[in-house]
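Respectively, the protein sequence lines represent chains A and B. Using my numbering, the first residue of the first sequence is number 413, and each one after it goes up by one. Using my numbering, the first residue of the second sequence is number 413, and each one after it goes up by one.
Number of protein chains: 2
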Amino acid sequence: MSNVLVVDDDAHIRSALGITLRANGYTVSTAPDGESALVSAAQHPVNVVILDLGLPDIDGTTVITRLRKWSGVPILVLSARHGSNDKVQALDAGADDYITKPFGFDELLARLRALLRRSLEPDETPIITTDAFTVDLALHRVLRDGKDVSLTPTEWNILELLVRNPEKLITQQQLLSEVWGAAYGKEANYLRVYMAQLRRKLEPEPGNPRHLLTESGIGYRFQP
Amino acid sequence: MSNVLVVDDDAHIRSALGITLRANGYTVSTAPDGESALVSAAQHPVNVVILDLGLPDIDGTTVITRLRKWSGVPILVLSARHGSNDKVQALDAGADDYITKPFGFDELLARLRALLRRSLEPDETPIITTDAFTVDLALHRVLRDGKDVSLTPTEWNILELLVRNPEKLITQQQLLSEVWGAAYGKEANYLRVYMAQLRRKLEPEPGNPRHLLTESGIGYRFQP
DNA sequence: CGCGGGCGCTAAGAAATCGTCAAGGTCCGG
DNA sequence: CCGGACCTTGACGATTTCTTAGCGCCCGCG
Chain A
413 MSNVLVVDDD AHIRSALGIT LRANGYTVST APDGESALVS AAQHPVNVVI
463 LDLGLPDIDG TTVITRLRKW SGVPILVLSA RHGSNDKVQA LDAGADDYIT
513 KPFGFDELLA RLRALLRRSL EPDETPIITT DAFTVDLALH RVLRDGKDVS
563 LTPTEWNILE LLVRNPEKLI TQQQLLSEVW GAAYGKEANY LRVYMAQLRR
613 KLEPEPGNPR HLLTESGIGY RFQP
Chain B
413 MSNVLVVDDD AHIRSALGIT LRANGYTVST APDGESALVS AAQHPVNVVI
463 LDLGLPDIDG TTVITRLRKW SGVPILVLSA RHGSNDKVQA LDAGADDYIT
513 KPFGFDELLA RLRALLRRSL EPDETPIITT DAFTVDLALH RVLRDGKDVS
563 LTPTEWNILE LLVRNPEKLI TQQQLLSEVW GAAYGKEANY LRVYMAQLRR
613 KLEPEPGNPR HLLTESGIGY RFQP
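Okay, structure coming up:
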């Protein structure tokens with residue numbers, strides 16, 4: 413989940429925001445002043461910064477400017493000041509949004525979601541590649557020699573489970589209960605049938621598999 | 413220079429905003445209601461939209477939702493309502509910022525700059541083309557051999573979901589809950605009926621589809 | 001060497017899913 | 001009130017997928 417850095421000199425606000433944000437699934441770090449905020453932001457990656465302008469050490473606008481020197485992280489400004497001058501300065505310094513106190517938590521959360529929606533990286537497609545074939549988990553697709561291979565639902569379920577755990581041994585029990593259901597603990601025969609089909613569709617040499625390996629008596633393993 | 417689309421039913425506000433924006437170097441187009449706003453945004457590229465929520469024809473959040481179906485353009489909402497519910501709904505529908513009236517022009521301009529800073533490139537054309545047909549997501553139109561194909565609302569919803577996720581397998585559950593609602597998880601034969609109709613209208617050879625593919629037991633896939 | 005268990009492989013029947021058609025049903029404008 | 005557009009629903013063979021049984025192989029073991 414997303415990581416939020418809360419910068420505010422008031423310990424009560426830090427605590428309240430921290431609790432609310434954590435309750436909504438964010439991980440939270442806090443800083444009481446500008447210097448420590450900049451240090452904290454530099455030390456571990458942050459997805460969004462909530463920044464109170466009234467800091468004891470540095471001017472809030474300066475914090476924004478210094479942060480923007482090296483980071484493009486979205487910044488949401490909190491401020492007690494309603495004057496439009498402050499807003500313009502903060503926004504032009506590089507802030508992305510500006511809320512005046514008092515504010516509603518649900519509005520703050522909605523604005524946070526809007527900011528994170530923008531900065532969410534173009535979704536990384538989990539793609540697994542081997543010498544012989546390519547599995548695209550997001551598209552739900554398998555390629556071999558550039559052509560896509562059509563798998564039945566059961567074949568796909570087995571392949572997905574194996575491919576999501578590369579090099580890891582998956583026991584027959586795991587496979588059976590994951591794909592067929594908990595009641596099918598004894599039907600090891602199914603596995604032989606479907607592993608044979610998968611190898612026939614994916615392995616260059618089905619009789620001598622190099623990626624879908626058998627661990628005799630225990631289960632199967634996917635080798636990238 | 414950046415192109416701004418101003419959507420407001422009040423001609424005075426349109427005029428005042430237009431003058432102010434042009435004085436600041438923006439090019440401006442305007443729309444008095446939701447429908448014309450959507451058409452305008454579809455016809456020529458827009459860098460940012462300023463949207464009043466109180467429109468005469470469509471609900472403001474609906475405008476946002478429909479725009480977001482095909483465009484990632486930043487949206488700045490103007491509203492007379494201060495209630496946090498409205499804000500949350502608009503922001504979660506896809507808006508990027510929200511100002512309540514009355515507002516200062518300099519604040520509006522600063523927020524506009526903040527939005528434009530993030531999105532340099534104008535949005536891409538939301539038109540998907542295949543050998544057989546062309547789908548214009550913005551205008552809700554489908555062309556085949558240069559001729560308009562008329563689709564029913566349900567047909568369009570299905571096609572849109574598939575076409576917005578090219579090459580991606582969409583499960584029957586996804587299609588049913590997106591198009592009919594979450595309660596229709598089991599009515600898989602609706603899909604068969606409508607996929608047949610879509611193929612009859614769009615595929616050169618409906619019995620042997622090349623773009624609207626079936627993944628037996630799982631769902632459907634659009635192949636450009 | 002003979003035996004048995006686990007595995008690879010095949011194929012046929014059973015079951016589920018799919019494409020297709022057509023018969024209502026509903027809603028709305030003329 | 002009627003007609004048309006649209007959505008539901010049921011039924012049918014055609015196709016795909018699942019299940020099950022059978023056979024031969026390899027390998028460890030008595």
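We put the CB at the ideal spot given by N, CA and C, even for glycine.
Using a Cβ-Cβ cut-off of less than 7 Å, give me the residues of the region 475-500 of chain A that come near chain B, in sequence order.
Listed by position, the residues of the region 475-500 of chain A near chain B (Cβ gap below 7 Å) are S496, K499 and V500.
Measuring CB to CB, does A:R643 end up less than 8 Å from B:L581?
No answer is possible for residue 643 of chain A: the residues shown for chain A start at 413 and end at 636.
Does any residue of chain A have a CB that is nearer than 8 Å to the CB of B:R525?
Residue numbering aside, residue 525 of chain B sits at position 113 when the second sequence is read from its first letter. It does: the Cβ of B:R525 has a partner Cβ on chain A nearer than 8 Å.
Taking 8 Å as the CB-CB cut-off, is A:G619 touching chain B?
Within the first sequence, the letter at position 207 stands for residue 619 of chain A. No - not a single Cβ of chain B is within 8 Å of the one on A:G619.
Suppose you measure from the CA of B:W482 to the CA of B:H424; what does that come to, to the nearest Å?
By 1-based counting over the second sequence, the position of residue 482 of chain B is 70. By 1-based counting over the second sequence, the position of residue 424 of chain B is 12. C-alpha separation (whole angstroms): 30 Å.
I need the straight-line Cα distance from B:K598 to A:T512, nearest angstrom please.
Here residue 598 of chain B corresponds to residue number 186 of the second sequence, with the count starting at 1. Here residue 512 of chain A corresponds to residue number 100 of the first sequence, with the count starting at 1. The straight-line gap from Cα to Cα measures roughly 48 Å.
Closer than 8 Å, CB to CB, is A:G631 near chain B or not?
Taking the first residue of the first sequence as 1, we reach residue 631 of chain A at position 219. Not one chain B Cβ lies under 8 Å of A:G631.
Determine the direct distance from the alpha carbon of A:L417 to that of A:P486, and round the result to whole angstroms.
Numbered from its first residue, the first sequence carries residue 486 of chain A at position 74. Numbered from its first residue, the first sequence carries residue 417 of chain A at position 5. Those two C-alpha atoms are separated by around 11 Å.
Counting only runs of 3+ residues fully inside the region 548-610 of chain A, write out the beta strand (DSSP E) ranges in chain order.
List check, beta strand (DSSP E) in window: 553-556, 559-561 and 581-583.
Using a 10 Å radius around the Cβ and a threshold of 16 neighbouring Cβ atoms, would you call B:T442 buried or exposed?
As a position in the second sequence, residue 442 of chain B is number 30, starting the count at 1. By the 10 Å Cβ count, B:T442 comes out buried.
Measuring only the C-alpha atoms, how far is A:I476 from B:G446?
Counting from 1 along the first sequence, the entry for residue 476 of chain A is found at position 64. Counting from 1 along the second sequence, the entry for residue 446 of chain B is found at position 34. Spanning the two alpha carbons is a distance of roughly 37 Å.
For B:R523, which of A:G495, A:L528, A:K613 and A:Y510 has the nearest alpha-carbon?
Within the second sequence, the letter at position 111 stands for residue 523 of chain B. B:R523 has its Cα closest to that of A:Y510, out of A:G495, A:L528, A:K613 and A:Y510.
From the DSSP output, read off the bridge partner residues of A:Y510.
Against the first sequence, residue 510 of chain A aligns to sequence position 98. DSSP output for A:Y510 lists A:V489 as bridge partner(s).
With 8 Å as the threshold, decide whether the Cβ of B:D411 is near any Cβ in chain A.
Because residue 411 of chain B is not part of the residues shown, which for chain B are 413 to 636, the question remains open.
If the cut is a Cβ gap below 7 Å, which residues of chain B does A:P468 touch?
In the first sequence, counting from the first residue as 1, residue 468 of chain A sits at position 56. Residues of chain B passing the Cβ test: none, with the nearest at roughly 26 Å.
Between the Cα of B:N633 and those of B:A595, B:Y596 and B:E572, spot the shortest distance and give me the residue it belongs to.
By 1-based counting over the second sequence, the position of residue 633 of chain B is 221. The sequence shown places Arg at residue 633 of chain B, not Asn. For the residues B:A595, B:Y596 and B:E572, the minimum Cα distance to B:R633 belongs to B:E572.
Using a C-beta cutoff of 8 Å, does A:T512 count as contacting chain B?
Within the first sequence, numbered from 1, the residue matching residue 512 of chain A stands at position 100. Cβ-Cβ to chain B under 8 Å: no for A:T512.
Against chain B, does A:A454 count as a neighbour if the rule is that its beta carbon must be under 8 Å from one of theirs?
Position 42 of the first sequence, counted from the first residue, corresponds to residue 454 of chain A. With 8 Å as the cut-off, A:A454 does not count as an interface residue toward chain B.
If you run the structure through DSSP and keep just helix, strand and coil, what is A:A505?
Taking the first sequence and counting its residues from 1, one reaches residue 505 of chain A at position 93. Reduced to three states, the DSSP call for A:A505 is helix.
Compare the Cα-Cα distances from A:E519 to each of A:L488, A:P578, A:G593 and A:G506 and report the closest residue.
Your numbering for residue 519 of chain A matches position 107 in the first sequence. Nearest option by C-alpha distance: A:L488.
Just how far apart, CA to CA, sit B:L521 and B:D548?
Counting from one through the second sequence, the residue named residue 521 of chain B turns up at place 109. Counting from one through the second sequence, the residue named residue 548 of chain B turns up at place 136. Their backbone Cα atoms lie some 32 Å apart in a straight line.
Would you list, in chain order, the members of the region 570-587 of chain B that have their beta-carbon closer than 7 Å to a beta-carbon of chain A?
So the close ones are E579, K580 and L581.
Find the nearest neighbour of B:A492 within the set B:L503, B:L527, B:Q609 and B:D464, judged by alpha-carbon distance.
Walking along the second sequence from the start, residue 492 of chain B turns up at place 80. With distances taken between Cα atoms, B:A492 lies closest to B:D464.
Who are the neighbours of A:L551 on chain B, taking C-beta pairs under 7 Å?
As a working mapping, residue 551 of chain A is identified with position 139 in the first sequence. Correct list: E579, K580 and L581.
Can you tell me which of the three DSSP states A:V357 falls into?
Outside the displayed span of chain A (413 to 636) sits residue 357 of chain A, for which this structure offers no information.
Does the region 419-436 of chain B come into contact with the region 609-626 of chain A, if we say contact requires no fewer than three beta-carbon pairs (one atom in each stretch) closer than 8 Å?
Touching, no.
Reducing DSSP to helix, strand and coil, say where B:L417 ends up.
The residue labelled residue 417 of chain B in the question sits at position 5 within the second sequence. Residue state, collapsed to three classes: strand.
With distances taken from CA atoms, which of A:R525, A:D508 and A:L603 is nearest B:R530?
As a position in the second sequence, residue 530 of chain B is number 118, starting the count at 1. That would be A:D508, whose Cα lies nearest to the Cα of B:R530.
Would you call the CB atoms of B:N459 and B:L528 closer than 8 Å?
Translated into the one-based positions of the second sequence, residue 459 of chain B becomes position 47. Translated into the one-based positions of the second sequence, residue 528 of chain B becomes position 116. Yes, Cβ-Cβ distance for B:N459 and B:L528 is below 8 Å.
Using the beta-carbon of each residue, which ones in chain B are nearer than 7 Å to A:A594?
The sequence position of residue 594 of chain A within the first sequence is 182, counting from 1. What A:A594 touches in chain B: nothing, since even the nearest Cβ is about 21 Å away.
Rounded to whole angstroms, what is the Cα-Cα separation between B:Q609 and A:T564?
Within the second sequence, the letter at position 197 stands for residue 609 of chain B. Within the first sequence, the letter at position 152 stands for residue 564 of chain A. Each residue's alpha carbon lies about 25 Å from the other.
Alpha carbon to alpha carbon, what distance is there between A:N497 and A:A454?
Translated into positions along the first sequence, residue 454 of chain A becomes position 42. Translated into positions along the first sequence, residue 497 of chain A becomes position 85. Each residue's Cα considered, the two are about 29 Å apart.
Taking the DSSP output, what are the residues bridged to A:L528?
Translated into the one-based positions of the first sequence, residue 528 of chain A becomes position 116. According to DSSP, which records beta bridges pairwise, A:L528 is partnered with nothing at all.
Would you call the CB atoms of A:G588 and A:F545 closer than 8 Å?
By 1-based counting over the first sequence, the position of residue 588 of chain A is 176. By 1-based counting over the first sequence, the position of residue 545 of chain A is 133. Reading off the sequence, residue 588 of chain A comes out as Leu, not Gly. Not a contact, by the Cβ cut-off of 8 Å.
How would you list, in chain order, the residues of chain B whose beta-carbon sits under 7 Å from the beta-carbon of A:E522?
Position 110 of the first sequence, counted from the first residue, corresponds to residue 522 of chain A. Sequence inspection shows Ala at residue 522 of chain A; the Glu mentioned does not correspond to that position. K499, V500, L503 and D504, listed in chain order.
Taking 8 Å as the CB-CB limit, is B:R622 close to chain A?
For this step, residue 622 of chain B is matched to residue 210 along the second sequence. It does not; no Cβ of chain A falls within 8 Å.
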